[in-house]
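First up is the structure itself, then whatever we jot down about it.
Chains as they are written, first to last, in the working numbering: chain A, 161 to 431; chain B, 6 to 297; chain C, 375 to 669.
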């Protein structure tokens, strides 16, 4: 078993003079849940978009199972498209409003090919029930579902083709708090059940800590820090990481008041 | 926070309904969006109104200044003793921007891109008759107070030159320049990055303490409420389901929904191997306990 | 009672459209009028000629230039033909002709727009530049050119109009398609590896068609006026065609004396153009608020 299932090497993306990504390199190991964290403009979404071919990098390589995607042949690319699936951020726009749930769920299997009608049906029903939806939902349109339900549909869609890798672009950011935990638990469960490798992009450090074992911190297109979650959160090396961790609010009034007082004191002293 | 002062804002049995004629299909009678809510805000007090999307929190806050023309309000909203529900429009207009002011979620669209920030911050004063020079001078002071770097020089700058966090400060400056007694903040940090969010929240708390400004803060994020509010109200589907002092709420939440919300937030200090409980699980557990 | 769950947004289907709109109490009156008018006009353009009280082409100099009367409700023209009958006979020539122009231009325009939207940037730009060249030709010149090559007739004018109309249709449709293709569900399909053809037929086009319908109804409105204008200028179906533009032309000299000859076709054109335009507005209004999410 290779030590890296996906290798990002020197990935750079420039839009005119703006560097969205600057020489970004990291590995994704088989079976791990890797968090990709950063603020807006950090380039985290751009990394994912390069990985799925929605954006073409200016330079750098993306390697899957030893194969360079830029020079891969049709068969390898086809395998890549089957093995690597993506969950988008906004559940309200990631499902085609004019397709029924059944059509949405079937599409990847039809495109990848090799699934008989019966296999498709079985797969869909199994995943549907596993993720807490019902058979009668198949005939309905996305508009009839809440954000959390739509995101579950999106997850089912990704899992139908038995992928090895799941790329998640902030899958819970657009969801209500009460639904986030549910979807996070589902992702965690499915990852363990199916032995998936997950790349989880987020800006919420607490969410990343819950799901991920390793983390990559991005800032303005540069890699600030890479490491195990326990180590990075416990003893961050980069100043930026420390700043990010400090800025997370804790749901404890006394702690928060004390932290704010300390911050304001620091500010007053600086003036 | 003093217990002796009479409340600045006193809301009693407020209900907000969408009349049948305005509904999408024109049928089904009036749609009740907010049902029988009551709360009060004292001078200098910070109240957080917490709820998810569809809970009615924004509607409730907006009703104070009657920003939504198509809904029907019943009940009472008393500001400084005077009744606002049913009051003529000029009364509300005189309050807006002066006694009560509001900031919104998206700093990117809250500012007019073709006017300078000086003009926009000074506007609440100039529309009330203050001279432009004096208003601009005050605008510069206010921006300085909110720690906008090189404030006086930047008065002639345009919003497009500022980042999201800076724009939110400009918006706040415009909101505070009229020396309001109540600031209504509708999810002002939701669209901002964590570090910027922290700065904006610090500013709100700082200004509120220094100016004796009451704040009604609307959010879906319980975590940021912990260090900010004196009083917390939790809303669910148009109803207030819990209203407590901030320390009491976080220490001992009463309603299962609140407990669920608190319990289902991933925390930095939590044990990562522990499974996150969902709100539904909390509510189900409480139902079982009640049945037992 | 209290709060319903997240209100069910309207379904995307014809029956949903019908129930959502016609049975809604908040349906603006103007939209009903518009749809009713267009319906009436379409029906008239199909059965109109049969309803004509007199032969639209029967010349009778004895009753020429008669004002509206019991025998001729809208009067007679300079050769004694009944204006009302000609109006009814001219309905298909004006309205159905305009509709066919728009259908033709839309089919061609959508086809070219689809190809452009799916192409790599350079090809997309090239196709659009060529389209814009055609756009720059004034329709009048185009019409004259086409009728010079083909015999002047209704079909040649329709061809000329289609030639003039497909470029703007293509351009607008291509922009709409490109916009739709930035949606997350289209990107999602691309990530799965959906073929470009399927991407267009399954994802991009179905979700762009609403805007195309609106565009088409506006264009019908414009085409009615344009074709009538061309007919008025003599670049249209040759006499004794009863299309409304030609009718206005034939009544030109008598505008002060026998005003009814030009007035009624003129009114008819105005009403028809207005009706189709309002329908376009109505469709846009129907689709717009319904698509706003309630979050």
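We put the CB at the ideal spot given by N, CA and C, even for glycine.
As the structure is a computational prediction, the values presented were derived from the model and not from experiment.
For a contact defined as C-beta to C-beta under 8 Å, what are the partners of residue i on chain C?
i: residue 236(A); result: The premise fails here: residue 236(A) is roughly 13 Å from chain C at the closest Cβ pair, so nothing lies under 8 Å.
Going by beta carbon distance, what residues of the same chain come within less than 6 Å of residue i, once the five residues before and after it are set aside?
i: residue 178(B); result: 126, 147, 148 and 151
i: residue 54(B); result: 62, 223 and 238
i: residue 447(C); result: 458
Assuming residue i contacts residue j under a Cβ cut-off of 8 Å, what Cβ separation, rounded to an integer in Å, is found between them?
i: residue 82(B); j: residue 68(B); result: 7 Å
i: residue 174(A); j: residue 218(A); result: 5 Å
i: residue 371(A); j: residue 344(A); result: 6 Å
i: residue 197(A); j: residue 383(A); result: Actually they do not touch by this definition, with Cβ atoms about 11 Å apart.
i: residue 578(C); j: residue 248(A); result: No, residue 578(C) and residue 248(A) are not in contact; Cβ-Cβ is about 17 Å, not under 8 Å.
i: residue 5(B); j: residue 118(B); result: Residue 5(B) falls outside the range modelled here, since chain B spans only 6 to 297, and no answer is possible.
i: residue 653(C); j: residue 408(C); result: 5 Å
i: residue 285(A); j: residue 295(A); result: 7 Å
i: residue 424(A); j: residue 207(B); result: 6 Å
i: residue 460(C); j: residue 616(C); result: 4 Å
i: residue 45(B); j: residue 90(B); result: That pair is no contact at about 15 Å.
Check for me: the beta strand (DSSP E) holding residue i runs from which residue to which?
i: residue 239(B); result: 236-241
i: residue 173(A); result: 166-175
i: residue 183(A); result: 178-188
i: residue 545(C); result: Premise fails: residue 545(C) lies in the alpha helix (DSSP H), 528-554, not in any beta strand (DSSP E).
i: residue 249(B); result: 244-250
i: residue 44(B); result: 36-46
i: residue 388(A); result: 382-388
What span of residues does the alpha helix (DSSP H) with residue i cover, start to end?
i: residue 245(A); result: No alpha helix (DSSP H) holds residue 245(A); the beta strand (DSSP E) holding it covers 244-247.
i: residue 303(A); result: Looking at the DSSP string, residue 303(A) is not in any alpha helix (DSSP H), and its letter there is neither H nor E.
i: residue 103(B); result: From DSSP, residue 103(B) is part of no alpha helix (DSSP H); its letter is neither H nor E.
i: residue 327(A); result: It is not in any alpha helix (DSSP H) - residue 327(A) instead sits in the beta strand (DSSP E) that spans 325-329.
i: residue 202(B); result: 199-216
i: residue 426(A); result: 413-430
So residue i contacts chain C; which residues on that side make the cut at Cβ distance below 7 Å?
i: residue 255(A); result: 559
So, is residue i buried or exposed, given that buried needs 16 or more other C-beta atoms within 10 angstroms?
i: residue 397(C); result: Interpretation of residue 397(C) is limited by its pLDDT of 48, a score under 50 that renders its predicted location unreliable; no figure is taken from the coordinates.
i: residue 521(C); result: buried
i: residue 582(C); result: buried
i: residue 284(B); result: buried
i: residue 431(C); result: exposed
i: residue 472(C); result: buried
i: residue 287(A); result: buried
i: residue 245(A); result: buried
i: residue 512(C); result: exposed
i: residue 614(C); result: exposed
Using a cut-off of 9 Å between C-beta atoms, extract the partners of residue i located in chain C.
i: residue 190(A); result: Per Cβ cutoff of 9 Å: no residues; residue 190(A) is ~21 Å from chain C at best.
i: residue 248(A); result: 558, 559, 561, 562 and 565
i: residue 267(A); result: 563, 566, 568, 572 and 576
i: residue 214(A); result: 561, 564 and 565
i: residue 241(A); result: 565, 566 and 567
Give me the chain A residues within the contact set of residue i, using Cβ-Cβ distance strictly less than 8 Å, ordered along the chain.
i: residue 222(B); result: Neighbours of residue 222(B) on chain A: none; closest Cβ ~13 Å, over 8 Å.
i: residue 255(B); result: 411, 412 and 413
i: residue 103(B); result: Result: empty, since nearest Cβ-Cβ is about 28 Å, beyond 8 Å.
Ordered along the chain, which non-local residues of its own chain (more than five positions away) have a Cβ less than 8 Å from that of residue i?
i: residue 411(A); result: none
i: residue 272(A); result: 238, 241, 242 and 321
i: residue 516(C); result: 534, 537 and 538
i: residue 265(B); result: 282, 283, 284, 285, 286, 287 and 288
i: residue 213(B); result: 49, 51, 188, 219 and 220
i: residue 576(C); result: 563 and 568
i: residue 210(B); result: 51, 232 and 233
Could you name the residues of chain B that residue i contacts, counting a contact when the two beta carbons are closer than 9 Å?
i: residue 183(A); result: Within chain B, no residue comes near residue 183(A); the closest Cβ sits about 23 Å away, beyond 9 Å.
i: residue 363(A); result: 198 and 199
Starting from residue i, find everything on chain B with Cβ-Cβ shorter than 8 Å and list it in chain order.
i: residue 370(A); result: 271, 275, 277 and 281
Name the chain B residues whose beta carbon is nearer than 7 Å to that of residue i?
i: residue 423(A); result: 207
i: residue 200(A); result: 198
For a contact meaning CB atoms closer than 7 Å, what does residue i contact in chain A?
i: residue 252(B); result: 413
i: residue 267(B); result: 411
What does residue i touch in chain A if you count any residue whose Cβ is under 9 Å from its own?
i: residue 661(C); result: None at all; the shortest Cβ gap to chain A is about 11 Å.
i: residue 581(C); result: 256, 257 and 258
By Cβ distance, which residues of its chain are closer than 7 Å to residue i, with the 5 residues on each side in sequence left out?
i: residue 487(C); result: 544, 547, 548 and 551
i: residue 399(C); result: Residue confidence is low: residue 399(C) scores 46 on pLDDT, short of 50, so the model does not pin down where it sits. Its coordinate-derived value is still stated next. Nothing listed; no residue qualifies.
i: residue 141(A); result: Outside the displayed range of chain A (161 to 431) lies residue 141(A), so it cannot be described from this structure.
Between residue i and chain E, is the shortest Cβ-Cβ distance under 8 Å, so that the two count as touching?
i: residue 229(B); result: Of the protein chains in this structure, namely A, B and C, none is chain E.
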